[in-house]
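Written below as structure tokens is the structure these notes are about.
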Amino acid sequence: MSCRQVGRCVPVVDSKCKICVRYQEILRSCSAIDHDDQILLACKVLRNYSDVLEKFKSQCKHLLVDEYQDINAGQFELIRLLTDGQIEGLFVVGDDDQSIYSWRGGSPEFIRTFQKHFGKTSTVTALTKSYRCRPPVLEGAIAVVSQYDSNRLDKGKLDYVYKTGQKIIVHNVPSDAKEALAVRKVADKVMPPRKVLILIPNKHFSLAIISELRKANLKFTAPTRLPGEGLPLIATLNEWLANNADSLALRDCIEAYVENPSSGIPSRRVRRADKIKLRDDSLLAISQLWSTVLDGKAANLWEALSKRNGENKLYSAVFSVFSDLKMLHANEDAPSEFISRVIKELVPWETVSSMLEEIDSWVETSERSEGGKGRNISLMTFQGAKGLEADVVCVIGVEEGQLPKTTSTSEELAEQSRLMFVTMTRAKEELHLFHARLRSASVVHRQVHIEGKPPNIAPSCFIDYIPKKYKESQYHPT
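Under the working numbering, the sequence shown has 476 at position 473, and the numbering climbs by one with no breaks.
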């Protein structure tokens, strides 16, 4: 487990620790911290400076922690520091059935052992009334997680605001395309005014669905990273041009130059030994510029590069490129020359058309995001849907190898059952679970059809443990 997850950095004689120490030195020279180190550093300050700890404890008489089942050891350490010695004032909300972040150190044991950590005077209250889910959905989800997670907290008998509801529909579809068509028909049937949430294991499962929704002219919203690398790099270059002391911005720009074919440095995909050595030597030389900063011989990375200009061909080339960019940027009468030089030296655009395609993609994605506020269909991953709800939920890829993923331990399988619980309980009214008899290899990234044998895709074992009285099956022919 990493230092970030446990909330403290213990010095160990290890090559990885040496890298961390060097990395922290570089960050300090830039007056920066790593975003992921915020809790670790906060714990360090509170442990080492009692006056700071007392100041914050006096200001934080009441501490509310939501989604407590998702905290890791570092976050728990921060909570303990802020509440140590207090008899009251800590209020947490969580559900161990929804703990799905072990990959970052999260564990349901923190909420399960709450009274052990905070004393016998602490109170635990089970919230047993469902304001969202109908009985078939929640009872079915509980049946799954109970089968695989024997350590779950017993919530007791549940009560429901909505006493009845539609059974969970399990769709057996022949292919990705037919699955997308079935999902579109579900959406067509309930819209408007009801909202539809489509949950997928990963982005590869979205392609057929997005295509089908577009063909039917059904507007949807899907969280996505803005496409392309060129425009973000232009923004970073602009930050450095506005402030040459911004070492982190210059570092990103130098990296882009190194990875650009115009630099003459072999790409990371080379296989010849001499090319690999040339690349490694070049990267080492660039990294050694930081030594000039850390030794106090330069105030920032640009000053270090300026001082060492001429030591070798690489330093001279890098200095020449960025000096020219500074000069061209300052000349407001020749913007085309500046843009041409940027494209040549830094940006991974092979042609003007590829640049225009990226700009179009950014505009399209931005418009889709902005326009999503009034749209009734949302498409996202299982993990991304945490905390959301919709009238109708379609869960795609409820198959062995996807949900659950191929697992080797009972702990991993227990967490996968909790992920199933989370996906199912997003549904307020209708829940549709989909599994396919055949999928494209490009979707599942494995061979699914061997000649002479049936496709090796099987429905999720989780479906078996949903009681029959809460589900019904729907077979879709080829």
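All residues carry an ideal CB built from backbone N, CA and C; glycine is no exception.
Classification of residue i by the beta-carbon crowding that lies within 10 angstroms, buried from 16 upward
i	result
G109	buried
M330	exposed
H38	exposed
L359	exposed
Q78	buried
L202	buried
T126	exposed
S356	exposed
I114	buried
A211	buried
T295	buried
I90	exposed
Q118	exposed
D157	exposed
G168	buried
A259	buried
T239	buried
N51	exposed
K431	buried
K21	exposed
A276	exposed
T405	The sequence shown places Gln at residue 405, not Thr. When all chains shown are included, Q405 counts as buried.
T426	buried
Close-in-space but distant-in-sequence residues of the same chain around residue i (CB under 6 Å, 5 per side omitted)
i	result
L93	L66, T86
K376	Because K376 sits at a pLDDT of 49, beneath the cut-off of 50, its placement in the model cannot be relied upon, and the following sentence gives the value as read from the coordinates. Cβ neighbours of K376 beyond the five flanking positions: none.
K510	With the chain covering only 4 through 481, there is no way to say anything about residue 510.
Q150	Y468
P269	K278, L281, R282
I399	I203, F208, F437
S266	Y260
Backbone CA spacing between residue i and residue j [nearest angstrom]
i	j	result
N154	T481	42 Å
A439	N241	48 Å
T410	S32	43 Å
F322	L297	20 Å
P111	Q419	13 Å
L416	M423	10 Å
D152	N75	19 Å
L292	E262	18 Å
S381	E433	15 Å
Y478	C397	16 Å
L436	P139	13 Å
A393	Y468	24 Å
A183	I172	16 Å
V24	I213	46 Å
K64	A129	24 Å
V96	S18	40 Å
K1	T384	Outside the shown range of the chain, which is 4 to 481, sits residue 1, and nothing can be said about it.
V55	S61	10 Å
R442	A461	11 Å
R274	E314	28 Å
L43	R107	14 Å
K472	K170	8 Å
Q27	E335	38 Å
A144	V446	26 Å
T224	L30	37 Å
G1	T354	Any property of residue 1 remains undetermined from this structure, which presents the chain solely from 4 to 481.
T428	V401	15 Å
F59	E142	43 Å
N175	Y71	36 Å
D98	T116	12 Å
S319	P235	26 Å
Heavy atom of the ligand COA within 7 Å of residue i beta-carbon
i	result
S463	In the structure on display, the ligand COA does not appear, and there are no ligands present to speak of.
Sequence-distant residues of the same chain with beta carbon closer than 7 Å to residue i, five excluded per side
i	result
L317	S285, A288
D73	S102, Y104, G109
G233	V350, P351, W352, M358, E361
S69	The question names Ser, yet the displayed sequence has Asp at residue 69. Only V96 meet the Cβ criterion.
R421	D100, Q101, S102, I103, V148, D152
Nonlocal neighbours in the same chain, by C-beta distance under 8 Å from residue i, ignoring five residues either side
i	result
C464	E403, P407
R83	H120
D191	A219, L221
E475	K170, I171, I172, V173
Mind the definition here: the stretch 152-162 touches the stretch 192-208 only if three or more C-beta pairs lie below 8 Å; say whether that holds. No, because fewer than three Cβ pairs between the stretch 152-162 and the stretch 192-208 fall closer than 8 Å, the two stretches do not touch.
For the stretch 124-167, which segments carrying the alpha helix (DSSP H) assignment without a break, of at least 4 residues, lie completely within its bounds, in sequence order? Counting only runs of 4 or more residues that sit fully inside the stretch 124-167, the alpha helix (DSSP H) segments are 138-151, in chain order.
With three or more C-beta pairs closer than 8 Å as the rule, is the stretch 333-349 touching the stretch 181-189? In this structure the stretch 181-189 does not touch the stretch 333-349; the number of beta carbon pairs closer than 8 Å is below three.
Continuous alpha helix (DSSP H) assignments of at least 4 residues falling wholly in the stretch 289-367: Runs of the alpha helix (DSSP H) spanning 4 or more residues and lying entirely within the stretch 289-367 occur at 292-297, 304-311, 316-333, 338-348, in chain order.
Are the stretch 163-181 and the stretch 125-135 touching, with three or more C-beta to C-beta distances below 8 Å? Yes, they touch.
Does the stretch 244-258 come within contact of the stretch 304-315, defined as at least 3 CB pairs closer than 8 Å? Cβ pair count under 8 Å is three or more, so yes.
Ordered list of beta strand (DSSP E) runs contained in the stretch 199-284, each at least 3 residues: List check, beta strand (DSSP E) in window: 199-203.
Which runs of the alpha helix (DSSP H) at least 4 residues long sit entirely within the stretch 28-92? Give them in chain order. For the alpha helix (DSSP H) assignment, the uninterrupted runs of no fewer than 4 residues enclosed by the stretch 28-92 are, from N- to C-terminal side, 41-51, 53-62, 76-86.
Taking only runs of the alpha helix (DSSP H) that begin and end inside the stretch 401-435, which ones reach a length of at least 4 residues, in chain order? Fully enclosed alpha helix (DSSP H) runs of 4 or longer: 413-427.
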